[in-house]
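Encoded as structure tokens, the structure appears first; notes follow it.
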Amino acid sequence: MKPFKFYQDIPFSLKNGKRTGTSSGLPIGFHILVTFTFCLASWILLPTPLQSQSLLSDPDWLVRHNPPPSEEREIPPDNISGYDRQVIEELMGLKPASSEKVAPVLEKPGIRAPKLTADEARPRKILEPFLLGNPSAENIPEIELNFPTGSTLFEDSPGILMPRDFSERGDNSSDQLSLESSEKNKSNASIESVQSYLLEDPLQAKIDFEQIEHQLLLEDRARLKIQLLYHLDRLQAAEEMCRAFLQELSFSLWVPEIYYYLQLSLQGQQKRLERNAKLENLSLSNLKPDQLSHLLLLLSEDAIQQGNITTALRYRLEELNNPLTSSNADEEVIRELLRQMESVEGLRNLFQTYADLELVQEWFPSRLLEMLVAEQRFREASGQLDLMLEDARSLNEAEKTENLKNLRRRLSVTLNVNPLRIGVILPLSSNHPRISQLVQQTLEGLRLGLYPRPVLEEEGKLSKNNHPLQDIELVLRDSKLNPQTTRRVFRELVEEERVIAVIGPLARKTSEAAAEEAEFWQVPMISLSLTSSIPETGPFVFRNNQNWELEVDSLVRYAKEYYQARRFVILYIQNREGHEKARLFQKSVLAYGGKIEAIVGFQREQKSFVQQFDAFSGKLRSMTPDEAADLEELGEKEDPVLNFDAVFVAIGSGGMKDLQVIFPYASVYQMQKTLFLGDSGWNHPALPFVPRYQAFRKLVFTDGYTRLQSGVEREYFFKLHEKEMFRHQNYTRPSSYSAYAFDTLSMIKSLLKEEANHSHGDLKQALLNIRGFPGVTGTLSFDEKGEIQRDMQLLTLQRGNIASIE
0 MKPFKFYQDI PFSLKNGKRT GTSSGLPIGF HILVTFTFCL ASWILLPTPL
50 QSQSLLSDPD WLVRHNPPPS EEREIPPDNI SGYDRQVIEE LMGLKPASSE
100 KVAPVLEKPG IRAPKLTADE ARPRKILEPF LLGNPSAENI PEIELNFPTG
150 STLFEDSPGI LMPRDFSERG DNSSDQLSLE SSEKNKSNAS IESVQSYLLE
200 DPLQAKIDFE QIEHQLLLED RARLKIQLLY HLDRLQAAEE MCRAFLQELS
250 FSLWVPEIYY YLQLSLQGQQ KRLERNAKLE NLSLSNLKPD QLSHLLLLLS
300 EDAIQQGNIT TALRYRLEEL NNPLTSSNAD EEVIRELLRQ MESVEGLRNL
350 FQTYADLELV QEWFPSRLLE MLVAEQRFRE ASGQLDLMLE DARSLNEAEK
400 TENLKNLRRR LSVTLNVNPL RIGVILPLSS NHPRISQLVQ QTLEGLRLGL
450 YPRPVLEEEG KLSKNNHPLQ DIELVLRDSK LNPQTTRRVF RELVEEERVI
500 AVIGPLARKT SEAAAEEAEF WQVPMISLSL TSSIPETGPF VFRNNQNWEL
550 EVDSLVRYAK EYYQARRFVI LYIQNREGHE KARLFQKSVL AYGGKIEAIV
600 GFQREQKSFV QQFDAFSGKL RSMTPDEAAD LEELGEKEDP VLNFDAVFVA
650 IGSGGMKDLQ VIFPYASVYQ MQKTLFLGDS GWNHPALPFV PRYQAFRKLV
700 FTDGYTRLQS GVEREYFFKL HEKEMFRHQN YTRPSSYSAY AFDTLSMIKS
750 LLKEEANHSH GDLKQALLNI RGFPGVTGTL SFDEKGEIQR DMQLLTLQRG
800 NIASIE
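Set out below in structure tokens:
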């Protein structure tokens, strides 16, 4: 030990116990007394053992205990003031790191804590504490939230969490470890190594973290521990630690990242995410791009689950607006969220906030216009449309300008619609006998539909007050069976006549042209065409006529359930209607688990059906020469092989003459006991006069309209038709086209009684929602595609008359 300085200054003679000459001339006893007094004072006042040399002369001690003076107050290494540090350590349960653990690590430059300037190290608070507790917990103050040192939060082995007890080790427990292996592990441990192992090997990251834990700043240590807890699936612990960090270390620069991990922990536990406007703003400007993109995605999906589409869309737009994350933005999701927007004000706010985005400029104005029109805020919609048109003109966008002009015309139509005026498009000038007949039948049904709904007196008599309803007006236009003419007259009905809806046309090509115009103008149209694909044009297009799919489905279901039929043969007329019915019948049979044995077509008014019947009865099968010789020798003919249960005969409209030939052939081929299924073409007054029909015991056909059906609506319709039309030359009973036209107009009239349906969009939606409407052709409704739905009537022949099957 080195002697103290004052002891070195004692005269040498005094050290040796000998008296020497001095200049003081004092007695020796006085010197002995002074020496004893100084020694006694040093022993009492100094906490260290008496040394033989002054500490001030020791340079190592001076470096450790007397650093050079600085211009400003020394800052603790954790960037925290003394009082704050004491509070945090008491709250978090921190233990001071021992010098034995510190010294070896500080020698490694890769893990040395960064040295900050005095200004950088000055404690500062960015924000007030963000999260004061877990809002989902009732007694959160009782939960101890801390940043424990060592490995107490981590796993001893995968899947098992065991807190480690270091109390059993002695003071020299660290000496028991192999110094060589310890130094080797520590040389590889660093903050970078911990973060590099987080995803691939979190357990190795934990091991590296334990090596350097005590050498990190408090906030760095807490940040790494939160990341480790999350990647080790300790989600509840990670959540609690995030809350403690945000509450007590709100001044830290790592706050945005901790907020991100809080949301990850909540999402992993299937909890609702917690929003904080200040933290979100900090995250937008401080998080790494990949973390920010993921955070915005989490917040957007959580908002969707809560039904807040506006908030969800805002997060997606924020991702697109940030240059660092814009490449990760999903424009299809943004478009879908935009379609789901229902708040005009919310959309306007987003439009103003993100007006610089090209996507917003392109998509938002038209969507805003649609929403304004849907809410019937037509004046605001008109103003919005004018702004859009002005912008397009200023940018010289010719195509966009033309589209906006069309939008303005449509909006003008919507603003000026007459809810009591209905357009009708028919081939009024056609010279074709069949077409002229259909036009006449349709007009008869529309005329009867102008009368009010049936008001029956007692005993089923018609009321005398049945006069045409003057409020409803029908505006007729001639299609001339020309698609271009149909388009032109449709526009006239919409722009000039301001109709609320359009009925017709009849033909396929003109109906397709009118359907496209209906979609453009967004005006409801109910076609009377036989073409079932017309409603597929768009949501404003409907169809009311025969439903071939319902026809064949009702036949197949009845044959399967009542006759247990499984094997079928299809005989169909080779035209558009026949091909479609054959296809639908085959589809229905396969759906019910049946089998198609043969599909054979024929021509209209064909004279011989030998080839067709030979095809599905097995006579056209190839025979060996021996089989043919045997039949010829015996003078026998090959018997038909009827390996099927039922025959579906689709003759279509106007095919009664073909049926008159088919029945005799079926009799010759011994098919009297075979089940015959017929389409709506069988429902004809001439059916009972078909030759040899009496030989067939199983005849079943179907139709959507028949006089055999009972009900107030049908009774009223038939009586009204007879009353109004019996004076006409060659008066006949009302046809199916008269009934379809009558039901169509009756449905529209019933919906227009409600003022809420006095716009094109509202009327379209009302038609889609109509259910159980009592019509002449049955109980009516439209499916989601706009196709008519009705109950089909199964029919048969009994005692020479068409009868219904109950």
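When we follow numbering that gives the first Met the number 0, the leftmost residue of the sequence shown carries the number 0, and every step to the right adds one. Each residue gets a CB set at the ideal place from its N, CA and C atoms; glycine is no exception.
Candidates the options, of which the one nearest residue i by Cα
i, options, result
"Ala237", "Gln268, Leu216 and Gln214", "Gln268"
"Ile308", "Arg338, Met655, Phe700 and Asn544", "Arg338"
"Ser745", "His727, Leu449 and Ser679", "Leu449"
"Thr310", "Thr352, Ala221 and Ile471", "Thr352"
"Thr400", "Ser365, Ile421 and Pro432", "Ser365"
"Val646", "Met655, Gly654, Ser652 and Phe662", "Phe662"
"Glu218", "Gln262, Ser251, Lys559 and Asp207", "Ser251"
"Leu779", "Asp742, Ser749 and His720", "Asp742"
"Tyr260", "Asn280, Thr776, Leu297 and Lys277", "Leu297"
"Leu719", "Leu394, Pro451 and Ala755", "Pro451"
"Gln246", "Arg798, Leu216, Leu278 and Leu283", "Leu278"
"Tyr258", "Gln290, Pro733, Ala558 and Thr705", "Gln290"
"Gln483", "Ala514, Asp470 and Leu346", "Ala514"
"Gln439", "Asn682, Asn729 and Leu394", "Asn729"
For residue i, three-class secondary structure by DSSP
i, result
"Gly785", "coil"
"Tyr715", "helix"
"Ile804", "coil"
"Gly677", "strand"
"Ile421", "strand"
"Met655", "helix"
"Ala649", "strand"
"Glu560", "helix"
"Thr441", "helix"
"Pro523", "coil"
"Val775", "coil"
"Lys183", "Low local confidence applies: a pLDDT of 47 at Lys183 is under 50, so the model's placement there is unreliable, and no value is given."
"Glu472", "strand"
"Tyr571", "strand"
"Gln351", "helix"
"Leu358", "helix"
"Lys463", "Low per-residue confidence applies at Lys463: pLDDT is 47, beneath 50, and the placement is therefore not dependable enough to give any value."
"Val498", "coil"
"Gln268", "coil"
"Gln764", "helix"
"Lys580", "helix"
Pair within 7 Å by beta-carbon distance, residue i and residue j
i, j, result
"Gln671", "Ala694", "yes"
"His759", "Val522", "yes"
"Leu384", "Leu406", "yes"
"Phe539", "Ala517", "yes"
"Ile303", "Arg315", "no"
"Gly444", "Ser737", "yes"
"Gln602", "Ile595", "no"
"Val808", "Phe612", "It is not possible to answer for residue 808, since the shown part of the chain is limited to 0 through 805."
"Val412", "Val498", "no"
"Gly677", "Phe643", "no"
"Gly579", "Ser679", "For the record, residue 579 in the displayed sequence is Glu; it is not Gly. No, Cβ-Cβ distance for Glu579 and Ser679 is not below 7 Å."
"Phe541", "Gly785", "yes"
"Phe363", "Phe350", "yes"
"Glu548", "Leu583", "yes"
"Leu570", "Val599", "yes"
"Leu281", "Pro255", "yes"
Whole-Å CB distance - residue i paired with residue j, under 8 Å assumed
i, j, result
"Leu793", "Ser803", "7 Å"
"Leu447", "Glu723", "7 Å"
"Phe781", "Leu766", "6 Å"
"Leu841", "Pro201", "In the structure as shown, the chain starts at 0 and stops at 805, and residue 841 therefore has no counterpart that could be examined."
"Leu223", "Phe208", "6 Å"
"Leu403", "Ala391", "6 Å"
"Leu475", "Thr509", "14 Å between Cβ atoms; not a contact."
"Tyr739", "Asn546", "Actually they do not touch by this definition, with Cβ atoms about 11 Å apart."
Counting pairs of beta carbons, one from the segment 422–434 and one from the segment 498–512, are three or more of them closer than 8 Å?
-> The answer is yes - the segment 498–512 touches the segment 422–434, with three or more Cβ pairs under 8 Å.
For the segment 768–775 against the segment 517–535, are there 3 or more C-beta pairs whose distance is under 8 Å?
-> They do not touch, by the three-pair rule.
Could you say if the segment 715–729 and the segment 677–693 meet the contact criterion of at least three C-beta pairs nearer than 8 Å?
-> By the criterion of at least three beta-carbon pairs nearer than 8 Å, the segment 715–729 is not in contact with the segment 677–693.
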